[in-house]
Amino acid sequence: MKILLVGEYSRLHNSLKEGLTKLGHQVTLIGNGDVFKKYPVDINIDGSFIKNNFLLNKIRILLFKITTIDIASIETFIRFKRNKKSLVDYNVVQLINETPFNIGPYFEKKLLKYLFKHNKNIFLLACGDDYQYISYLLSGKFDYSTVSPLLDDPSLKKEYQYTLKFVSKKQKVLHDFVFSHIKGVIPASVEYHIAYQNTQKTLPLISNPVNVDTIKFIPFQKDEKIKILHGINSANYLKKGNRYFEEALTILLQKYPNSIEVITTRDLPYKDYIKHFLSTHILLDQAQAHDQGYNALEAMAMGKVVFTGAGQDFKKYYRLDTTVAIDTSPNTTKIVKDLEALILNPNLIGEIGRNAREFIKKEHHYIDIAKKYTETWKKYN
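Next comes the structure, spelled out in C-alpha coordinates:
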(Lines of atoms letter the chains of each structure in order from A; the text may use other names.)
(Lines give C-alpha, C1' and ligand atoms only; values in the text may rest on other atoms or scores of the structure.)
Protein backbone atom coordinates (compact mmCIF):
# COMPACT_ATOMS: atom_id res chain seq x y z
CA MET A 94 0.00 0.00 0.00
CA LYS A 95 0.93 3.63 -0.46
CA ILE A 96 0.49 5.25 2.95
CA LEU A 97 0.72 8.86 4.15
CA LEU A 98 1.28 9.46 7.85
CA VAL A 99 0.44 13.02 8.85
CA GLY A 100 2.05 14.57 11.93
CA GLU A 101 4.29 13.18 14.63
CA TYR A 102 4.10 12.83 18.42
CA SER A 103 6.88 11.23 20.42
CA ARG A 104 8.10 9.09 17.53
CA LEU A 105 4.85 7.09 17.21
CA HIS A 106 4.53 7.56 13.44
CA ASN A 107 8.25 6.99 12.88
CA SER A 108 8.05 3.61 14.61
CA LEU A 109 4.88 2.73 12.70
CA LYS A 110 6.58 3.68 9.44
CA GLU A 111 9.49 1.36 10.27
CA GLY A 112 7.07 -1.51 10.82
CA LEU A 113 5.07 -0.78 7.67
CA THR A 114 8.24 -0.52 5.60
CA LYS A 115 9.35 -3.93 6.90
CA LEU A 116 6.05 -5.29 5.61
CA GLY A 117 6.77 -3.89 2.15
CA HIS A 118 4.56 -0.80 2.14
CA GLN A 119 5.51 2.58 0.69
CA VAL A 120 5.27 5.15 3.49
CA THR A 121 5.65 8.95 3.56
CA LEU A 122 5.67 10.95 6.79
CA ILE A 123 4.83 14.65 6.71
CA GLY A 124 5.01 16.92 9.76
CA ASN A 125 6.99 19.39 11.84
CA GLY A 126 9.06 16.89 13.84
CA ASP A 127 7.11 17.63 17.06
CA VAL A 128 8.75 21.04 17.58
CA PHE A 129 11.88 20.97 19.79
CA LYS A 130 12.00 17.16 19.81
CA LYS A 131 12.96 17.17 16.11
CA TYR A 132 11.81 13.69 15.10
CA PRO A 133 12.63 12.70 11.50
CA VAL A 134 10.03 13.42 8.80
CA ASP A 135 10.13 12.89 5.03
CA ILE A 136 8.41 16.18 4.26
CA ASN A 137 9.19 18.87 6.81
CA ILE A 138 6.68 21.70 6.84
CA ASP A 139 7.70 23.34 10.12
CA GLY A 140 7.82 27.14 10.10
CA SER A 141 11.48 26.86 11.01
CA PHE A 142 12.81 29.83 9.00
CA ILE A 143 10.73 32.25 11.03
CA LYS A 144 11.19 30.41 14.32
CA ASN A 145 14.98 30.24 13.95
CA ASN A 146 15.43 33.88 12.91
CA PHE A 147 15.86 35.96 16.08
CA LEU A 148 14.20 39.13 14.75
CA LEU A 149 11.39 37.38 12.89
CA ASN A 150 10.63 35.20 15.90
CA LYS A 151 10.42 38.28 18.14
CA ILE A 152 7.95 39.83 15.67
CA ARG A 153 6.09 36.51 15.55
CA ILE A 154 5.68 36.41 19.34
CA LEU A 155 4.53 40.04 19.46
CA LEU A 156 1.98 39.57 16.68
CA PHE A 157 0.65 36.42 18.32
CA LYS A 158 0.06 38.29 21.60
CA ILE A 159 -1.82 41.02 19.75
CA THR A 160 -3.74 39.01 17.15
CA THR A 161 -3.40 35.30 18.23
CA ILE A 162 -2.14 34.66 14.67
CA ASP A 163 1.13 32.74 14.42
CA ILE A 164 2.96 33.83 11.27
CA ALA A 165 4.99 30.61 11.43
CA SER A 166 1.70 28.92 10.51
CA ILE A 167 1.74 30.84 7.25
CA GLU A 168 5.21 29.44 6.52
CA THR A 169 3.90 25.93 7.24
CA PHE A 170 0.97 26.57 4.89
CA ILE A 171 3.39 27.66 2.13
CA ARG A 172 5.67 24.65 2.68
CA PHE A 173 2.65 22.34 2.47
CA LYS A 174 1.51 23.92 -0.80
CA ARG A 175 4.97 23.46 -2.30
CA ASN A 176 4.65 19.72 -1.65
CA LYS A 177 0.97 19.31 -2.51
CA LYS A 178 1.62 17.16 -5.60
CA SER A 179 3.26 14.58 -3.32
CA LEU A 180 0.19 14.38 -1.06
CA VAL A 181 -2.44 12.86 -3.36
CA ASP A 182 -3.82 9.42 -4.24
CA TYR A 183 -2.68 7.45 -1.20
CA ASN A 184 -4.36 4.16 -0.32
CA VAL A 185 -4.47 5.28 3.32
CA VAL A 186 -3.89 8.60 5.08
CA GLN A 187 -3.57 8.60 8.86
CA LEU A 188 -3.65 11.74 11.01
CA ILE A 189 -1.71 11.67 14.28
CA ASN A 190 -4.35 13.94 15.81
CA GLU A 191 -7.30 16.05 14.69
CA THR A 192 -4.85 18.99 14.56
CA PRO A 193 -1.82 17.19 13.06
CA PHE A 194 -0.09 20.37 11.89
CA ASN A 195 -0.70 22.38 15.08
CA ILE A 196 -1.05 25.68 13.21
CA GLY A 197 -4.43 26.94 14.41
CA PRO A 198 -7.93 26.00 13.19
CA TYR A 199 -7.98 28.32 10.14
CA PHE A 200 -4.86 27.02 8.41
CA GLU A 201 -5.31 23.53 9.84
CA LYS A 202 -8.66 23.19 8.10
CA LYS A 203 -7.25 24.41 4.79
CA LEU A 204 -4.51 21.79 4.76
CA LEU A 205 -6.82 19.03 5.92
CA LYS A 206 -9.40 19.96 3.28
CA TYR A 207 -6.77 19.42 0.59
CA LEU A 208 -5.85 15.99 1.98
CA PHE A 209 -9.51 14.97 2.27
CA LYS A 210 -10.24 16.10 -1.28
CA HIS A 211 -7.35 14.19 -2.86
CA ASN A 212 -7.38 11.02 -0.75
CA LYS A 213 -10.22 8.65 0.15
CA ASN A 214 -9.37 6.46 3.12
CA ILE A 215 -8.63 8.79 6.04
CA PHE A 216 -8.06 7.48 9.57
CA LEU A 217 -7.43 9.39 12.77
CA LEU A 218 -5.43 8.49 15.86
CA ALA A 219 -6.74 9.38 19.31
CA CYS A 220 -3.50 10.60 20.83
CA GLY A 221 -2.36 13.92 22.24
CA ASP A 222 -4.84 16.65 23.14
CA ASP A 223 -8.09 16.73 21.17
CA TYR A 224 -11.70 17.80 21.69
CA GLN A 225 -13.11 14.48 22.89
CA TYR A 226 -10.20 13.56 25.13
CA ILE A 227 -9.88 16.91 26.91
CA SER A 228 -13.67 17.11 27.30
CA TYR A 229 -13.60 13.71 29.00
CA LEU A 230 -10.75 14.73 31.32
CA LEU A 231 -12.53 17.96 32.28
CA SER A 232 -15.61 15.92 33.22
CA GLY A 233 -13.59 14.56 36.14
CA LYS A 234 -14.47 10.92 35.42
CA PHE A 235 -10.88 9.82 36.03
CA ASP A 236 -9.76 9.91 39.67
CA TYR A 237 -6.86 12.06 38.45
CA SER A 238 -5.55 13.19 35.08
CA THR A 239 -3.38 15.78 33.40
CA VAL A 240 -6.04 18.43 34.11
CA SER A 241 -6.41 17.59 37.81
CA PRO A 242 -4.40 20.65 38.90
CA LEU A 243 -6.84 22.87 36.99
CA LEU A 244 -9.93 21.13 38.38
CA ASP A 245 -8.49 21.55 41.88
CA ASP A 246 -7.47 25.16 41.33
CA PRO A 247 -9.35 27.13 38.62
CA SER A 248 -6.85 29.99 39.02
CA LEU A 249 -4.46 27.88 36.91
CA LYS A 250 -6.58 28.59 33.83
CA LYS A 251 -3.80 30.69 32.28
CA GLU A 252 -1.31 27.85 32.65
CA TYR A 253 -3.81 25.57 30.90
CA GLN A 254 -4.76 27.94 28.10
CA TYR A 255 -3.13 25.69 25.47
CA THR A 256 -5.07 22.65 26.74
CA LEU A 257 -8.36 24.53 27.02
CA LYS A 258 -8.22 25.67 23.41
CA PHE A 259 -9.04 22.07 22.50
CA VAL A 260 -12.55 22.47 23.93
CA SER A 261 -13.19 25.87 22.31
CA LYS A 262 -15.96 26.47 19.78
CA LYS A 263 -13.39 26.75 16.97
CA GLN A 264 -11.89 23.41 17.93
CA LYS A 265 -15.33 21.78 18.07
CA VAL A 266 -15.97 22.96 14.50
CA LEU A 267 -12.64 21.50 13.38
CA HIS A 268 -13.32 18.28 15.33
CA ASP A 269 -16.68 17.84 13.59
CA PHE A 270 -15.09 18.64 10.21
CA VAL A 271 -12.42 15.96 10.67
CA PHE A 272 -14.91 13.36 11.90
CA SER A 273 -17.14 13.97 8.89
CA HIS A 274 -14.29 12.84 6.62
CA ILE A 275 -12.59 9.98 8.48
CA LYS A 276 -13.38 6.27 8.26
CA GLY A 277 -12.58 5.79 11.93
CA VAL A 278 -10.62 6.93 14.98
CA ILE A 279 -8.08 4.55 16.54
CA PRO A 280 -7.28 4.98 20.26
CA ALA A 281 -3.53 4.68 20.87
CA SER A 282 -3.66 3.85 24.58
CA VAL A 283 -5.97 2.67 27.35
CA GLU A 284 -6.73 6.25 28.42
CA TYR A 285 -8.02 7.17 24.98
CA HIS A 286 -9.84 3.86 24.70
CA ILE A 287 -11.79 4.84 27.83
CA ALA A 288 -12.32 8.47 26.80
CA TYR A 289 -13.60 7.46 23.35
CA GLN A 290 -15.93 4.64 24.42
CA ASN A 291 -19.37 4.94 22.81
CA THR A 292 -18.10 7.74 20.56
CA GLN A 293 -18.93 7.93 16.87
CA LYS A 294 -16.55 6.05 14.55
CA THR A 295 -14.35 4.70 17.35
CA LEU A 296 -12.37 1.60 16.32
CA PRO A 297 -10.51 -0.93 18.49
CA LEU A 298 -7.41 0.24 20.38
CA ILE A 299 -4.06 -0.36 18.70
CA SER A 300 -1.11 -0.05 21.06
CA ASN A 301 1.81 2.24 20.25
CA PRO A 302 4.45 0.57 18.07
CA VAL A 303 7.96 0.27 19.52
CA ASN A 304 10.93 -0.76 17.38
CA VAL A 305 12.44 -3.40 19.64
CA ASP A 306 14.98 -4.29 16.93
CA THR A 307 16.77 -0.97 17.36
CA ILE A 308 16.32 -0.66 21.13
CA LYS A 309 18.85 -2.77 22.97
CA PHE A 310 17.86 -4.47 26.21
CA ILE A 311 20.24 -3.41 29.00
CA PRO A 312 20.27 -5.90 31.89
CA PHE A 313 20.37 -4.27 35.30
CA GLN A 314 23.79 -4.06 36.88
CA LYS A 315 24.02 -2.16 40.12
CA ASP A 316 26.52 0.66 39.91
CA GLU A 317 27.88 2.54 42.89
CA LYS A 318 24.60 4.44 42.87
CA ILE A 319 21.10 3.80 41.49
CA LYS A 320 20.54 6.34 38.74
CA ILE A 321 17.16 8.04 38.42
CA LEU A 322 16.23 10.10 35.34
CA HIS A 323 13.65 12.88 35.59
CA GLY A 324 13.02 14.45 32.18
CA ILE A 325 11.01 17.67 32.25
CA ASN A 326 9.09 19.20 29.36
CA SER A 327 8.44 22.73 30.61
CA ALA A 328 5.21 23.14 28.66
CA ASN A 329 3.75 20.03 30.32
CA TYR A 330 5.16 20.51 33.83
CA LEU A 331 1.75 20.72 35.54
CA LYS A 332 0.15 18.08 33.32
CA LYS A 333 2.84 15.46 33.91
CA GLY A 334 2.86 16.03 37.67
CA ASN A 335 6.59 16.82 37.73
CA ARG A 336 6.33 18.57 41.08
CA TYR A 337 5.47 15.28 42.80
CA PHE A 338 8.63 13.73 41.42
CA GLU A 339 10.71 16.73 42.47
CA GLU A 340 9.30 16.61 45.99
CA ALA A 341 9.98 12.88 46.25
CA LEU A 342 13.52 13.22 44.94
CA THR A 343 14.31 15.98 47.42
CA ILE A 344 13.28 13.68 50.28
CA LEU A 345 15.20 10.70 48.95
CA LEU A 346 18.39 12.64 48.20
CA GLN A 347 18.47 13.73 51.83
CA LYS A 348 17.78 10.20 53.05
CA TYR A 349 20.00 8.22 50.63
CA PRO A 350 22.70 10.62 49.37
CA ASN A 351 25.19 7.80 48.86
CA SER A 352 22.79 5.38 47.22
CA ILE A 353 21.16 7.38 44.42
CA GLU A 354 22.11 9.77 41.64
CA VAL A 355 19.42 11.99 40.11
CA ILE A 356 19.70 13.20 36.52
CA THR A 357 17.27 16.01 35.63
CA THR A 358 16.89 17.22 32.04
CA ARG A 359 14.72 19.98 30.62
CA ASP A 360 13.37 20.41 27.07
CA LEU A 361 16.02 18.31 25.33
CA PRO A 362 15.72 17.27 21.67
CA TYR A 363 14.89 13.57 21.37
CA LYS A 364 18.36 12.53 20.14
CA ASP A 365 19.94 14.10 23.24
CA TYR A 366 17.30 12.96 25.71
CA ILE A 367 17.46 9.32 24.63
CA LYS A 368 21.21 9.21 25.44
CA HIS A 369 20.40 9.58 29.13
CA PHE A 370 18.34 6.39 29.03
CA LEU A 371 21.40 4.22 28.56
CA SER A 372 22.95 4.71 31.99
CA THR A 373 19.69 5.20 33.88
CA HIS A 374 18.06 2.51 36.03
CA ILE A 375 14.78 4.27 36.82
CA LEU A 376 12.78 6.73 34.68
CA LEU A 377 10.22 9.12 36.17
CA ASP A 378 7.72 9.57 33.32
CA GLN A 379 4.42 10.97 34.59
CA ALA A 380 2.32 11.01 37.74
CA GLN A 381 -1.18 11.82 36.47
CA ALA A 382 -1.76 9.31 33.67
CA HIS A 383 -3.35 5.87 33.33
CA ASP A 384 -1.10 4.50 30.58
CA GLN A 385 2.43 5.07 29.32
CA GLY A 386 3.79 7.88 27.22
CA TYR A 387 6.05 6.98 24.30
CA ASN A 388 9.33 7.74 26.06
CA ALA A 389 8.19 5.43 28.85
CA LEU A 390 7.61 2.60 26.37
CA GLU A 391 11.08 2.98 24.90
CA ALA A 392 12.61 2.97 28.38
CA MET A 393 10.64 -0.17 29.24
CA ALA A 394 11.96 -1.79 26.07
CA MET A 395 15.48 -1.10 27.36
CA GLY A 396 14.62 -2.83 30.63
CA LYS A 397 14.29 0.29 32.75
CA VAL A 398 11.87 0.66 35.66
CA VAL A 399 9.40 3.37 34.70
CA PHE A 400 7.16 5.38 37.02
CA THR A 401 4.06 6.05 34.92
CA GLY A 402 0.39 5.17 34.50
CA ALA A 403 0.02 1.41 35.06
CA GLY A 404 -3.07 1.01 37.25
CA GLN A 405 -6.12 -1.23 37.26
CA ASP A 406 -7.55 -0.16 33.88
CA PHE A 407 -4.18 -0.77 32.25
CA LYS A 408 -3.65 -4.14 33.97
CA LYS A 409 -7.18 -5.27 33.14
CA TYR A 410 -6.87 -4.40 29.46
CA TYR A 411 -3.58 -6.26 29.03
CA ARG A 412 -4.49 -9.03 31.52
CA LEU A 413 -1.30 -8.53 33.48
CA ASP A 414 -0.32 -10.54 36.53
CA THR A 415 3.25 -9.20 36.76
CA THR A 416 4.62 -5.71 37.38
CA VAL A 417 5.89 -4.12 34.15
CA ALA A 418 5.99 -0.52 35.42
CA ILE A 419 5.36 1.31 38.68
CA ASP A 420 1.83 2.73 38.77
CA THR A 421 2.22 6.37 39.74
CA SER A 422 -0.37 8.81 41.07
CA PRO A 423 -0.11 12.46 42.19
CA ASN A 424 0.98 11.41 45.67
CA THR A 425 4.48 12.32 46.85
CA THR A 426 4.38 9.90 49.78
CA LYS A 427 3.55 6.95 47.50
CA ILE A 428 6.29 7.90 45.03
CA VAL A 429 8.82 8.07 47.87
CA LYS A 430 7.67 4.67 49.16
CA ASP A 431 7.84 3.04 45.72
CA LEU A 432 11.28 4.47 44.95
CA GLU A 433 12.54 3.52 48.39
CA ALA A 434 11.47 -0.09 47.82
CA LEU A 435 13.72 -0.20 44.74
CA ILE A 436 16.62 1.55 46.46
CA LEU A 437 16.54 -0.95 49.31
CA ASN A 438 15.93 -3.96 47.05
CA PRO A 439 17.92 -3.37 43.83
CA ASN A 440 17.14 -6.87 42.55
CA LEU A 441 13.56 -5.66 41.99
CA ILE A 442 14.90 -3.25 39.37
CA GLY A 443 16.26 -6.14 37.33
CA GLU A 444 13.08 -8.18 37.72
CA ILE A 445 10.71 -5.39 36.73
CA GLY A 446 13.02 -4.37 33.88
CA ARG A 447 12.88 -7.89 32.41
CA ASN A 448 9.09 -7.92 32.76
CA ALA A 449 8.92 -4.55 31.01
CA ARG A 450 11.00 -5.73 28.05
CA GLU A 451 8.88 -8.85 27.58
CA PHE A 452 5.69 -6.78 27.80
CA ILE A 453 6.88 -4.40 25.06
CA LYS A 454 7.88 -7.30 22.81
CA LYS A 455 4.48 -8.95 23.29
CA GLU A 456 2.14 -5.95 23.14
CA HIS A 457 4.04 -3.19 21.28
CA HIS A 458 6.30 -4.92 18.72
CA TYR A 459 6.42 -2.52 15.80
CA ILE A 460 5.90 -5.11 13.07
CA ASP A 461 2.98 -6.78 14.87
CA ILE A 462 1.43 -3.36 15.47
CA ALA A 463 1.95 -2.37 11.82
CA LYS A 464 0.03 -5.53 10.83
CA LYS A 465 -2.83 -4.52 13.14
CA TYR A 466 -2.98 -1.11 11.46
CA THR A 467 -3.09 -2.54 7.94
CA GLU A 468 -5.79 -5.03 8.98
CA THR A 469 -7.85 -2.23 10.51
CA TRP A 470 -7.43 0.06 7.51
CA LYS A 471 -8.55 -2.71 5.15
CA LYS A 472 -11.48 -3.73 7.33
CA TYR A 473 -12.93 -0.23 7.74
CA ASN A 474 -12.08 1.45 4.42
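Using our numbering, count along the sequence shown one by one with no gaps and you end on 474.
We put the CB at the ideal spot given by N, CA and C, even for glycine.
Keep in mind it's a predicted model, so treat the numbers as computed, not measured.
Pick from A341, D461, K206, A394 that is closest to I353, judged by C-alpha positions = Among A341, D461, K206, A394, the Cα nearest to that of I353 belongs to A341.
By how many angstroms is the C-alpha of S241 removed from the C-alpha of L249?
-> Between L249 and S241, the C-alpha separation is close to 11 Å.
D384 burial status per 10 Å Cβ neighbour count (16 or more: buried) = buried
Shortest alpha-carbon distance to L116 belongs to which of W470, N474, Y459, K471?
-> Y459
Give me the Cα-Cα distance between L432 and F310, rounded to the nearest whole angstrom.
-> 22 Å
Write down the C-beta distance between A219 and A281 rounded to the nearest angstrom, noting that I regard them as a contact closer than 8 Å.
-> 6 Å
Look at the alpha carbon of A382 and the alpha carbon of V278, and state the distance between them as a whole number of angstroms.
-> Each residue's Cα considered, the two are about 21 Å apart.
Looking at C-alpha atoms only, which residue of Q119, L346, K397 is the closest neighbour of S179?
-> Per the Cα distances, Q119.
Please name the residue, chosen from N301, P297, A389, that lies closest to K333 on a Cα-to-Cα basis.
-> A389
Following the continuous alpha helix (DSSP H) through V271, name the residue where it begins and the one where it ends.
-> 262 to 272
How many Å lie between K210 and I367 at the Cα?
-> Note on geometry: alpha-carbon atoms of K210 and I367 lie some 39 Å from one another.
Where does the unbroken alpha helix (DSSP H) through L230 begin, and where does it stop?
-> 224 to 231
Of the residues D414, M395, H369, which one's Cα is nearest the Cα of G404?
-> D414
Consult DSSP for R447 and reduce its assignment to one of helix, strand or coil.
-> helix
Go ahead and pull the three-state DSSP assignment for H369.
-> Helix.
When you compare each of A380, I96, P193 to T426 by their alpha carbons, which one comes out closest?
-> A380
Straight-line CA distance for T357 to D378?
-> 12 Å
Alpha-carbon to alpha-carbon, I308 and I227 | Note on geometry: alpha-carbon atoms of I227 and I308 lie some 32 Å from one another.
Please classify I400: does DSSP put it in a helix, a strand, or coil?
-> Looking at the sequence shown, residue 400 is not Ile but Phe. F400 falls in the strand class under three-state DSSP.
Spatial neighbours of A394 within its chain, please: CB distance less than 7 Å, with the 5 preceding and 5 following residues excluded, ordered by chain position.
-> Answer for A394: V303, V305, I308, R450, I453, listed in chain order.
Consult DSSP for Q187 and reduce its assignment to one of helix, strand or coil.
-> strand
What residues match up with Q293 in a beta bridge as DSSP calls it?
-> According to DSSP, which records beta bridges pairwise, Q293 is partnered with nothing at all.
Tell me where the alpha helix (DSSP H) around A389 begins and ends.
-> 387 to 395
Beta carbon of P362 nearer than 8 Å to that of L267 = no
By DSSP, does K465 sit in helix, in strand, or in coil?
-> Three-state result, K465: helix.
Please list, in chain order, all residues of the same chain as F407 whose beta carbon is under 7 Å from its beta carbon, the five residues on each side excluded.
-> V283, H383, D384
Could you tell me whether the segment 314 to 331 touches the segment 430 to 445, where touching means 3 or more Cβ pairs closer than 8 Å?
-> Taking a contact to require three or more Cβ pairs closer than 8 Å, the segment 314 to 331 and the segment 430 to 445 qualify as touching.
Taking all protein chains shown into account, do 16 or more other C-beta atoms lie within 10 angstroms of the C-beta of R153, making it buried, or fewer, making it exposed?
-> buried
Taking Cβ positions, are L296 and T469 nearer each other than 8 Å?
-> Yes, they are a contact pair.
Indicate whether L97 and I138 have their beta-carbon atoms separated by less than 8 Å.
-> no
Continuous beta strand (DSSP E) stretch holding K95: start and end = Note, K95: beta strand (DSSP E), 95 to 99.
What does Y278 pair with, by DSSP beta-bridge criteria?
-> One detail in the question is off: residue 278 reads as Val in this sequence, not Tyr. BP columns for V278 point to L217, T295.
Span separating the alpha-carbon of Q83 from that of L109 | Residue 83 falls outside the range modelled here, since the chain spans only 94 to 474, and no answer is possible.
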